[in-house]
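Following: one structure in structure tokens, then a few remarks.
Numbering (the UniProt record's numbering), first residue to last: 1 to 1220.
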């Protein structure tokens, strides 16, 4: 069904085959069965397993797998799902349900037998008498026999009174029912040296917090005292010792504290006076009363039309905060877990319990039943304490014998972050009610409709009014409430609203197409009236942003290019597809507007299609520091902006910009500082730290507005939550979290420092910071240095080795900036002495720079000597000063790709630490030449070459800027170029505004002159696209289409390795795979790439049209990956798309190549009247079924299976199977 409740029509391909899960066994090949049928929302497919799967009699159960593939009739989109069912050798099953892991000799033991059919329905037919044979010995002739009548619910209650004798160690049972024999599990006896036991049970039905709970204790000997402890959420809530009047049965009660919900344990024991043996038992049970705050949500309508306003009513306690979420039902079907539910809260609170979860919950038990179920303890007193999560220290006799269950895991872990992006708040929606009869163009399609808070009034109610989105679907509204004293409440019944109209159109567009490509835009017109109607469907092109075209015609010339109209007849309760062939002519977003009109109704829809030039975009930027504190020294520069001849036509762009604040570009473009992915633990911090820097800087300069603060803090919270996905169980952080062999000292120190600094703006769990610090401190050697046990993904930034002064200085800096002096002062002194010693023997400018800054930070006596060493290593050129680490000597002659012109990350960090040192020394004049060099290396968005150098550089700029920014600025920048001139003005009044102007892309150079007074930054940015392989590739790179690729499926095999013959390896490497227009990645198959050595993470971007693969390194050994993708939009004359691989921290080590999918012509994608007389059709052979069609398998009896398949628009298939 579509999410708005109507049936999906199309063709179902159903494949049925036996399945085996025992991969270590050699099995016969199985027969499979496949059929194709029409589907209209739901279809029944009868099967005869014996004939269709060639099964024959055997004596064990078997799993049958059903694979359903539905092709939607109107769009041709395909959706699939898999389900399984079991077939059995017996019609009836009998299961033993224990109420305890063991029985206690001398005390009553209760168990249940569940008698049911294989589908868990009660066995109500035939003879109802059950014969049970049981005994406490292996000799069956000594067993007893009992007869029971099976009740209608199928649950037979068994009660045993095992004798309290030393040779009673187990209980065996066998049941006979309707002529079939069932062997049941053995139950072992509990253990005690004295053969004495107690048994605690819950007497109170439906226990609830703040009410009395009564317990009963039964013992095998008279007892004179009793100790009980009530454990809730891992804490001991009540602990008492009570006298007992020397009897075997005793009851006690207590008032249940709130922490007992949702689940509690009661641990009971006494100590025998003769041998000091501890005799114990425990019971765990559910406790109601967790959610004291009630909350309900309702709406004034259940169905409405797009854009209409609906009223949402909330009922709770007075003056409580209520959060409301409204989400497209289709998104919830595709990915759940982004909303808060009672079940999730209960499950989370139960993890606080340090004890063991019972192994014997019956299958009919469901959480939060009206009647609470209790579960007694384990085999011995020692196990009872352990299973309760309690630690006992005693000089008494604590029995602790018995065998543990052993399990072997054999699990392959795949990517844990596939498609896990949280639901984001929607953009603002219109509030106005849509008048009847008016044509409204639908433009708003948010997946998240509502994300708002409100407060109930004194009567406990609240009402909000909101307009529903334009997207036709069902939206699920949920709510939670927070009371100041009663706590959390969650609505148990979501309120659905269906956005629907009887006549409407839908349109699907690809994420992007390339200039020169042609595409078929498919519109589906739906008619849910009770009769067929004729409709006129028109696509408008008033702005002439594309051309209407026809396939197979030499002369394609429409009399009217501003619109095209088609006429269709839509049957009742059906939809008809309409296709328009267009060729985009304009770059950027073009408007696609379609209107369908009939005698009954009109509907219109408008969407934006992104058109980009082909090739890979190259970004260049020349930034200059404007220092006009002396107005008599104007800035003059000449910048060459020549675009190479082989650049893609119309892809060039030149932008001139200026800001009155050095942090202006960074703050404006803080969401996109770099043109590269940020999908690992270190890269993610570039979404965290710059926001902390911006908040600090804006607060220090008294320019932090409320709106800016809210946005930065909101993004900071999201970055913090994402960073936690890279935290390991031992408290450390690593680049890829638990996928790495060890945590990283460098990254853990970096993360801890960042989170510690974020604490002044958002809540950070102190345990995360403390655990991280403890882990780092544990990596300190006796000489004060820190070792790196994890992967070194950027060797240069750690001094070229896994250890050394650079790493130790970085850790010391992180500890100091995290204010760890009080706790780890001695360790920090050791580290300081180590880097002071190492400073004397190093020749690396980077090491000297980071050590010098760190020594200034901790106010070391050696700081001046270090500073002098740093100055001695500096290089000066014109009015700049910098340091060259000689990491790579790149010849940029005849180079066109942007990565050749990026400054080495290590040089940027070296200069940045130097500026920070000058700032600490209050030496502004000395810092200006260094700052002037650093500004020239930033990109248009304020970032630099990579993630870590961007963070350090922004620290440097933000720390020096307040010293050199005058109280007032008024600067005029004149740009002169052939046949043109532009002017920008910047001042304090708009210091954070980045003023931008675009000039013609064919301008070969720009001359700029800045006059006036003040400080700022001016930039000349240009970009263009290249569709050629990268120059002088440092990696071997080859991308080939596999033979399995078809016109609608793409499978790309990509291999890469280092070209250099020496034995060194790259830093962390990233491979970006672009997909052709109309294709999206097969996200379900991508996790298989993680099984390839060196691959650490796989993710998709740009609506699954770009695949990013992270390698921990690339060396001379070849690494190959396979990327699958499906075509979901029809695009012809597809342009080549890039595949590139690069060293993340040294992008000059890079390779780039292009590929294209199977050639698709316009005649391959046209429909009916869009296909001219010269068109020809080529039948595409259907893909081979993945299931084998030879071999046989066996089965006990003949079964007839009815398969019911339903399909929803989101597009989850559901398969139901019934056995007749």
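Each residue gets a CB set at the ideal place from its N, CA and C atoms; glycine is no exception.
- Three or more pairs of CB atoms, one per stretch, sit closer than 8 angstroms, so the region 99-111 contacts the region 183-190.
- Here DSSP, grouped into helix, strand and coil, assigns residue 348 to helix.
- Looking at the backbone, the Cα of residue 840 and that of residue 777 are separated by about 25 angstroms.
- One thing to note: residue 242 has its Cβ no nearer than 8 angstroms to the Cβ of residue 396.
- DSSP places residue 869 within a helical segment (H, G or I) once states are collapsed to three.
- The three-state secondary structure of residue 1044, taken from DSSP, is coil.
- Leaving aside the five residues that flank residue 488 on each side, the residues in its chain whose CB is nearer than 8 angstroms to its CB run, in chain order, 291, 293, 345, 480, 481 and 482.
- Judged by DSSP in its simplified three-state form, residue 782 adopts coil rather than helix or strand.
- Judged by beta-carbon spacing, residue 113 lies beyond the 8 angstroms limit of residue 92, meaning their Cβ atoms are not closer than that value.
- For a cut-off of 8 angstroms, the C-beta gap from residue 584 to residue 611 is around 4 angstroms, short enough to register as a contact.
- With a contact defined as Cβ atoms closer than 8 angstroms, residue 1024 and residue 647 qualify at about 4 angstroms.
- Across the structure, residue 689 and residue 330 are spaced so that their CA atoms are roughly 35 angstroms apart.
- Taking each of 651, 723 and 1055 in turn and checking the Cα distance to residue 679, the smallest one comes out for 723.
- For residue 1055, the enclosing beta strand (DSSP E) begins and ends at 1049-1058.
- When the alpha-carbon of residue 132 is set against those of 115, 1032 and 1038, the nearest one is in 115.
- Counting C-beta atoms within 10 angstroms of its own C-beta, residue 663 has 16 or more neighbours from the protein chains shown and is therefore classed as buried.
- Taking a C-beta distance under 8 angstroms as the contact criterion, residue 134 and residue 171 qualify as a contact pair.
- A residue is called buried when at least 16 other Cβ atoms come within 10 angstroms of its Cβ; residue 883 meets this threshold and is buried.
- The Cβ-Cβ distance between residue 847 and residue 831 does not fall below 8 angstroms.
- Two segments are said to touch when three or more pairs of C-beta atoms, one from each, lie closer than 8 angstroms; by this definition the region 613-623 touches the region 1024-1035.
- In this model, residue 756 and residue 788 are separated by some 22 angstroms (Cα to Cα).
- Annotation for residue 692: no beta strand (DSSP E) segment contains it, though the alpha helix (DSSP H) segment containing it runs 689-700.
- With a cutoff of 8 angstroms on beta-carbon distance, residue 1039 and residue 1139 are scored as near each other.
- In the DSSP assignment, residue 584 is bridged to 546.
- Secondary structure note for residue 839: its alpha helix (DSSP H) is the uninterrupted segment 821-839.
- The Cβ neighbour count for residue 86, taken over all protein chains shown within 10 Å, is under 16; the residue is labelled exposed.
- Contact annotation: residue 685 and residue 754 have beta-carbon atoms nearer than 8 angstroms.
- Annotation: residue 140 is outside any alpha helix (DSSP H) and is labelled neither H nor E by DSSP.
- Annotation for residue 1013: the continuous beta strand (DSSP E) segment containing it runs 1005-1026.
- Here the alpha carbon of residue 677 sits roughly 10 angstroms from the alpha carbon of residue 1100.
- Going by C-alpha positions, residue 771 is about 30 angstroms away from residue 230.
- Rounded to the nearest angstrom, the gap between the Cα atoms of residue 703 and residue 8 is 55 angstroms.
- Measuring C-alpha to C-alpha distances from residue 975 to each of 1006, 14 and 964 identifies 1006 as the nearest.
- Per DSSP, the continuous beta strand (DSSP E) segment holding residue 86 begins and ends at 78-87.
- In its chain, beyond the 5 residues on either side, 655 have a beta carbon closer than 6 angstroms to the beta carbon of residue 998.
- Per DSSP, the unbroken beta strand (DSSP E) holding residue 110 starts and ends at 109-117.
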